[in-house]
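S.K.: The structure under discussion is supplied below as structure tokens; questions concerning it will follow.
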Amino acid sequence: MFANVFFHTTETFGQIGLILSTLLAQDATAAPAADAVSREPTFVEQLFANPLLPIVVVIFLFYTLLLAPERRRKAEEAKLLASLKKNDRIVTVGGIHGTVVSVTADSDVVTIKCDESGNTRLKMNRSAISTIVNPNKET
Numbered sequence: 595m596f597a598n599v600f601f602h603t604t605e606t607f608g609q610i611g612l613i614l615s616t617l618l619a620q621d622a623t624a625a626p627a628a629d630a631v632s633r634e635p636t637f638v639e640q641l642f643a644n645p646l647l648p649i650v651v652v653i654f655l656f657y658t659l660l661l662a663p664e665r666r667r668k669a670e671e672a673k674l675l676a677s678l679k680k681n682d683r684i685v686t687v688g689g690i691h692g693t694v695v696s697v698t699a700d701s702d703v704v705t706i707k708c709d710e711s712g713n714t715r716l717k718m719n720r721s722a723i724s725t726i727v728n729p730n731k732e733t
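In the numbering used here, the protein residues as written are 595 to 733.
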């Protein structure tokens, strides 16, 4: 039963292949006559026929959707850390809440006060600061 179905299917595919090859051969012989009358492809047709177009589109989408927003976020974070000043309330990446006691523009080290009663102070890098809770706003 299986062999009968297998050979029948193979025979059918062989016939389809013969028909397709005949049609393609006819197209190949008819093509030069049609090309003599046909027009030149336009710029847009040539552009979309280019195999590099999908690669360029993927690179553009990758930049637009992934790289540009990340660069923008890093620029905002750098601006936030550069605007850090005394008495700003901050939260570190480790979850420590505190108030900035001293900060210098040329140094990467910031001193924060964590405990009001014990006067506990910590020195940390600017990059360890996650957010400014309520920055002092000039009015």
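We put the CB at the ideal spot given by N, CA and C, even for glycine.
Is it buried or exposed for residue 682, if we count other Cβ within 10 angstroms and need 16 for buried?
M.R.: It is buried - the Cβ of residue 682 has at least 16 other Cβ atoms within 10 Å.
S.K.: So, for residue 687: in the same chain, excluding its five sequence neighbours on each side, which residues have a beta-carbon less than 6 Å away from its beta-carbon?
M.R.: 722, 724
S.K.: Please report how far the alpha carbon of residue 662 lies from the alpha carbon of residue 632, in whole angstroms.
M.R.: 45 Å
S.K.: For residue 673, which three-state DSSP category applies?
M.R.: helix
S.K.: Pick out whichever of 642, 634, 691, 650 has its Cα sitting closest to the Cα of residue 709.
M.R.: 691
S.K.: Does the separation of the CB atoms of residue 703 and residue 719 fall below 9 Å?
M.R.: yes
S.K.: Quickly, what does DSSP pair residue 716 with across the bridge? List them, please.
M.R.: 706
S.K.: So if DSSP puts residue 692 in a beta bridge, which residue, or which two residues, is it bridged to?
M.R.: 684
S.K.: Pull up the distance between the alpha-carbon of residue 673 and that of residue 666, whole angstroms please.
M.R.: 11 Å
S.K.: Work out the CA separation of residue 680 and residue 694 for me, nearest whole Å.
M.R.: 5 Å
S.K.: Roughly how many whole angstroms lie between the Cα atoms of residue 629 and residue 670?
M.R.: Caution is warranted here: a pLDDT of 49 is assigned to residue 629, below 50, making its placement in the model unreliable, and no coordinate value can be reported.
S.K.: Is residue 590 helix, strand or coil by DSSP?
M.R.: What is shown of the chain runs 595 to 733, which leaves residue 590 out entirely.
S.K.: Taking the beta carbon of residue 696 as the centre, do at least 16 other beta carbons fall within 10 Å, making it buried, or is it exposed?
M.R.: exposed
S.K.: For the alpha helix (DSSP H) that contains residue 655, what are its first and last residues?
M.R.: Unbroken alpha helix (DSSP H) run through residue 655: 647 to 656.
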